[in-house]
Amino acid sequence: MALSFHVRSNSFPSRQHPQAAHVDEQLNRLRSSETASSSSSSSIRQRLSNLQDLHDSLDKMLRLSITQQTLSQEQVEMILDGSIKILDLCNVSKDGLSQMKESLKEIRSILRRKRGDLSAEIKKYLASRKFLKKSFQKVLKNLKTGQNKNKESLAVFREAEAVTVSLFESMFSFISRPKSCGKWSLVSKMMSQNKAACEANEFTRVDLEFQSEKSLKIEDVQNLDSCIQDLEDGIESLSKSLIKYRVSVLNI
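Below, the structure written as structure tokens:
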């Protein structure tokens with residue numbers, strides 16, 4: 001991957017520059033993980049951590065005098081525009097996950113006390129998932145529209161945006177219920193047939209148990225809550241790196 005500008009004749013810090021080479025290496029690692037990693041909470045959490053490292057490295061690269069001398073005002077504005085949209089993805093994800101976690105807290109409480117309106121809390125949890133889907137798709141559409149308008153953006157920053165968006169798409173796919181599990185049935189035979197498709201992760205396992213509330217296990221709800229917490233922590237750390245990164249761009 002060439003770390004160079006497409007707009008100006010000036011070269012971006014070349015691959016020989018240690019910091020540019022480090023960014024290049026991190027981008028390649030993230031690209032490889034898109035196909036090599038299984039769709040699991042641990043793999044997504046690791047990719048979030050890698051994205052945080054990537055943006056920390058981009059922040060260091062932006063502080064190089066050669067980088068600041070080469071960037072034009074238009075390019076700085078494009079980088080800022082992309083970073084704020086990525087932060088929007090982080091904020092939407094955090095809000096949606098927070099709502100889901102709050103609903104799961106009530107579900108756990110009802111299961112422990114063995115009293116309360118479990119159906120109502122399950123509906124709230126599913127509604128929070130629907131909210132996340134709608135909000136995520138809206139932000140993603142705006143971000144991709146901006147990318148189409150900025151075809152002349154810097155290769156390295158465009159690539160960083162691309163791998164970041166790809167991670168959030170993977171995470172959203174991980175959280176969303178598969179279509180094969182969309183129609184809930186109370187027929188035991190059908191539940192058995194759907195079980196293999198639905199038990200792929202913490203989210204779909206609990207979804208399957210929602211089909212018959214009596215089968216809902218507090219242990220699985222707790223595992224799902226821990227999974228959501230891990231994702232929240234990873235997104236929060238990434239957000240902090242993105243804010244620091246934006247400050248460096250603003251200081252140019």
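Numbered by the UniProt record's numbering, the letters in the sequence shown go through residues 1 to 252 in order.
From the three backbone atoms N, C-alpha and C, an ideal C-beta is built for every residue, glycine too.
Shown here, S176 sits in coil according to DSSP, grouped into three states, outside any helix or strand. Ranking S40, D59 and K124 by CA distance to the CA of L80 puts D59 first.
Nearest to E219 by alpha-carbon distance, out of E34, N28 and L111, is L111. Cβ contact annotation for S83 (same chain, cutoff 8 Å, sequence separation greater than five): L242, Y245, R246 and V249, in chain order.
Comparing alpha carbon positions, the residue from I235, S42 and Q73 closest to V165 is I235. Distances from the alpha-carbon of L216 to those of Q52, I122 and V76 put I122 closest.
Per DSSP, the unbroken alpha helix (DSSP H) holding K101 starts and ends at Q73 to R113.
Between S93 and P18, the alpha-carbon positions lie close to 34 Å from each other. Scanning E34, I44, S42 and S57 for the CA closest to the CA of A21 turns up S57.
Spanning the alpha carbons of E106 and K124 requires a straight line of approximately 10 Å. The Cβ atoms of L51 and E159 lie no closer than 8 Å to each other.
Under a 10 Å Cβ-count criterion, K141 is classified as exposed, with fewer than 16 other Cβ atoms of the shown protein chains found around its own Cβ.
Counting only runs of at least 4 residues, the stretch 31 to 62 fully encloses the following alpha helix (DSSP H) elements, listed from N- to C-terminal order: 41 to 62.
Ranked by Cα distance from Q222, the options F131, L167, K101 and L87 are led by K101.
With at least 16 other beta carbons inside 10 angstroms of its own, Q75 counts as buried.
Here C90 really is in contact with S239; their C-beta atoms are around 5 Å apart, less than 8 Å. In the three-state reduction of the DSSP assignment, G234 falls in the helix class. Note on geometry: alpha-carbon atoms of F172 and A120 lie some 24 Å from one another. For D225, the three-state secondary structure derived from DSSP is helix. Distance between F174 and S212, taken at the CA atoms: about 22 Å.
Contact annotation, V23 with M61: C-beta distance approximately 6 Å; criterion of less than 8 Å satisfied.
If you check the CB distance, L132 and E232 do not come in under 8 Å. When DSSP states are grouped into helix, strand and coil, N201 belongs to the coil group.
For the 8 Å CB-CB criterion, S41 and E209 do not form a contact.
When the beta-carbon positions are compared, L30 and V156 stay at least 8 Å from each other.
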